[in-house]
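Asks: Heads up, the sequence shown is in my numbering, so the first residue is -8 and it goes up one at a time.
Note that the Cβ used here is the ideal one computed from N, Cα and C, for glycine as well.
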Amino acid sequence: MSTTFTLDTATSRANPTPAPMKRLTVPAIQRRKFEGQTGEPLVMLTAYTARQAQLLDPHCDMLLVGDSLGQVIYGLPSTLPVTLDMMIAHGAAVVRGSYHSLVIIDMPFGSYEASPQQAFASASRIMAETGAAAVKLEGGQAMAETIAFLSQRGIPVMAHVGLTPQAVNALGGYGARGKSQQEHAKIIADARAVADAGAFAMVLEGVMEELADALTASVDVPVIGIGASARCDGQVLVTEDMLGMFERVPRFVKRFENIAETIDSAAARYAADVRARAFPTDDQVYRPKK
Ligand code: KIV
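Laid out in C-alpha cells, this is it:
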C-alpha cells in the first residue's frame, strides 16, 4: 500500500497545507555544488513527524529522517536499536508533511552493512513504502561498493563520514574525529571513495574544521556539515537540538529557541488550571443548542 498520499487536513490537526510546490530533486541538489551555487549553502534539518515536516519544509532544501530519532523520540541510548520499520513509519510521515524539500531517510544499523544485496532490499523498502527520494548510510571506503550498487540501481545515496554514530562502539565515543594525521587522511580517503562510488552528497560530522575545509574542496558533491565548518556546502542540525529541547548542548549546536522552557511553562499553566477547575470553561464544553 502506498503511504505517499498527502495529509488529510480534515481529519488531522495539521493546518491546511499550501498548494504543493515542486519538490527539489537529487540532481538539483547535486548541481548546486557543480554550478558553484553552494555559495548559498544548502539547508538541511532533521524531521521525524508530519507536522514537524510541514513547519520546517518551507525553510529547508532537504529534510533528513535521521536515525537520531532513536534517541530524540524514543529515548534510546544510541542509534543502534533503531529498526527499519521505525525509519519507514517516520519517513512516510515526513513525506506526507512536506512538498518542497528533498526527503532523505537514514538506513538503520544492521540494515545495509552485510552486503550490497542486503542494502538494496532495505533501501528499496524505504523508497517504496515512504515515497522518499534518497537514503543515507554511514561509512566510507568500506561502503563504496554498496553505494555504487544502490546508485546504479536507481537509489540515490547520501553518505555519512567523519564521526559515524552507528560505529560508536568501535570509535569509543562521540568525540571529534580527524585530530591525528592518520585519521585526517583516512576521512579524506573515505569522502573521495563515497563520492567516486556515486554518492550524490555526504554528511560530514564531528571533525576538525581544517579537515572539513580540505574535504569540502576535494570532492565534487555537496558536503553537508554538522560539527564541521561554516565553509561546507551546507549545514544540518538535529531540529530538537537547535530548538533547545534538551538540557545538554553539544559544542556544535546553536540554540535558536528554548522550546523546553515553553513546553514546561505551558504544562505548568495547564496543570494549575485543571487543579483549580479553571479548565475547561464554558468555551470548551458541549451543550445543547438553544
Ligand atoms: O541521524 C541523524 O540525525 C543524522 C544527522 C545528525 C546528520 O545523521
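Going by other Cβ atoms of all chains shown within 10 Å of its Cβ, with 16 needed for buried, is V56 buried or exposed?
Replies: As a first step, residue 56 must be located in the sequence shown, where it is residue number 65. Burial call: buried.
Asks: Suppose only complete runs of 3+ residues qualify. What are the beta strand (DSSP E) ranges in the region 37 to 84, listed by chain order?
Replies: Listed in chain order, they are 53 to 56.
Asks: Which residue's Cα is closest to the Cα of G235: D97, A135, D211, V63?
Replies: One-based indexing of the sequence shown puts residue 235 at position 244. Of the listed residues, the one whose Cα sits closest to G235 is V63.
Asks: Count the other CB atoms, across all protein chains shown, that sit within 10 Å of the CB of T253; report buried if there are 16 or more and exposed otherwise.
Replies: Residue mapping note: residue 253 aligns to position 262 of the sequence shown, counting from 1. Exposed.
Asks: Look up V265 in the DSSP assignment and say whether it is helix, strand or coil.
Replies: Within the sequence shown, numbered from 1, the residue matching residue 265 stands at position 274. In this structure, V265 counts as helix in the three-state DSSP scheme.
Asks: Return the residue from the list A112, M98, Q21, A139 that minimises the CA-CA distance to E129.
Replies: Here residue 129 refers to the residue found at position 138 when the sequence shown is read from its first residue. Closest option to E129, Cα to Cα, is M98.
Asks: Excluding five sequence neighbours on each side, which residues of the same chain lie with their C-beta closer than 7 Å to the C-beta of A262?
Replies: Taking the sequence shown and counting its residues from 1, one reaches residue 262 at position 271. Once the five neighbours on either side are set aside, A262 has no close Cβ partner at all.
Asks: Can you give the beta carbon distance from A41 to R87, rounded, assuming they're within the 8 Å contact cut?
Replies: By one-based count along the sequence shown, residue 41 stands at place 50. By one-based count along the sequence shown, residue 87 stands at place 96. Between R87 and A41 the Cβ distance is about 5 Å, and since that is below 8 Å, they are a contact.
Asks: Roughly how many angstroms separate the alpha carbons of F(-4) and Q143, rounded to a whole number?
Replies: Counting from one through the sequence shown, the residue named residue -4 turns up at place 5. Counting from one through the sequence shown, the residue named residue 143 turns up at place 152. Only weak support is given to the placement of F(-4): the predicted model assigns it a pLDDT of 47, under 50, and the question is left unresolved by the model.
Asks: Using the rule of at least 16 other Cβ atoms within 10 Å of the residue's Cβ for burial, across every protein chain shown, is Q108 buried or exposed?
Replies: If you number the sequence shown from 1, residue 108 lands on position 117. Exposed, since its Cβ has fewer than 16 Cβ neighbours within 10 Å.
Asks: Buried or exposed, going by whether 16 or more other CB atoms sit within 10 Å of the CB of G169?
Replies: For the purposes of this step, residue 169 is taken as residue 178 along the sequence shown, with counting starting at 1. The residue in question, G169, is buried, as its Cβ has 16 or more Cβ neighbours within 10 Å.
Asks: Alpha carbon to alpha carbon, how far is V282 from Q43?
Replies: There is simply no residue 282 to check, as the chain begins at -8 and stops at 281 in what is shown.
Asks: Would you call the region 117 to 127 and the region 148 to 164 touching, i.e. three or more CB-CB distances under 8 Å?
Replies: Touching, yes, given that three or more Cβ pairs across the two stretches are closer than 8 Å.
Asks: Between the C-alpha atoms of L195 and Q21, what's the straight-line distance to the nearest angstrom?
Replies: Your numbering for residue 195 matches position 204 in the sequence shown. Your numbering for residue 21 matches position 30 in the sequence shown. Their Cα atoms are separated by approximately 16 Å.
Asks: Please classify P271 as buried or exposed, where buried requires at least 16 neighbouring CB atoms within 10 angstroms.
Replies: Counted from its first residue, the sequence shown places residue 271 at position 280. Exposed, because fewer than 16 other Cβ atoms sit within 10 Å of the Cβ of P271.
Asks: Quick check on R242: buried or exposed, where buried means 16 or more other Cβ atoms within 10 Å of its Cβ?
Replies: Your numbering for residue 242 matches position 251 in the sequence shown. Counting Cβ neighbours within 10 Å, R242 comes out exposed, since fewer than 16 surround it.
Asks: By Cβ distance below 6 Å, which residues in the same chain neighbour I250 in space, the five residues on each side in sequence not counted?
Replies: Here residue 250 corresponds to residue number 259 of the sequence shown, with the count starting at 1. Cβ within range, chain order: L234, G235, M236.
Asks: Would you report the Cα separation of A80 and A259, rounded to the nearest angstrom?
Replies: Here residue 80 refers to the residue found at position 89 of the sequence shown. Here residue 259 refers to the residue found at position 268 of the sequence shown. The alpha-carbon atoms of A80 and A259 are separated by roughly 32 Å.
Asks: Identify whether D97 lies in helix, strand or coil by the three-state DSSP scheme.
Replies: Numbered from 1 along the sequence shown, position 106 holds the residue referred to as residue 97. Strand, per DSSP.
Asks: Need the endpoints of the alpha helix (DSSP H) that E231 sits in, please.
Replies: As a first step, residue 231 is located in the sequence shown; it is residue number 240 there, counting from the start. Unbroken alpha helix (DSSP H) run through E231: 230 to 234.
Asks: Buried or exposed: which applies to Y277, given that a residue is buried once 16 or more other Cβ atoms fall within 10 Å of its Cβ?
Replies: Stepping through the sequence shown from its first residue, residue 277 is reached at position 286. With fewer than 16 other Cβ atoms within 10 Å, it is exposed.
Asks: Tell me the residue span of the alpha helix (DSSP H) that contains M149.
Replies: Walking along the sequence shown from the start, residue 149 turns up at place 158. Note, M149: premise wrong, no alpha helix (DSSP H); beta strand (DSSP E) at 148 to 153.
Asks: Could you give the residue range of the alpha helix (DSSP H) that holds L128?
Replies: Here residue 128 refers to the residue found at position 137 when the sequence shown is read from its first residue. First-last for L128: 125 to 129, but that is the beta strand (DSSP E), not the alpha helix (DSSP H).
Asks: Between V17 and P213, what straight-line distance do the alpha-carbon atoms span, to the nearest angstrom?
Replies: As a working mapping, residue 17 is identified with position 26 in the sequence shown. As a working mapping, residue 213 is identified with position 222 in the sequence shown. Distance between the alpha carbons of V17 and P213: 11 Å.
Asks: Rounded to a whole number of angstroms, what is the C-alpha to C-alpha distance between L47 and G225?
Replies: Here residue 47 corresponds to residue number 56 of the sequence shown, with the count starting at 1. Here residue 225 corresponds to residue number 234 of the sequence shown, with the count starting at 1. The straight-line gap from Cα to Cα measures roughly 16 Å.
Asks: By DSSP, does R22 sit in helix, in strand, or in coil?
Replies: The residue labelled residue 22 in the question sits at position 31 within the sequence shown. It is helical.
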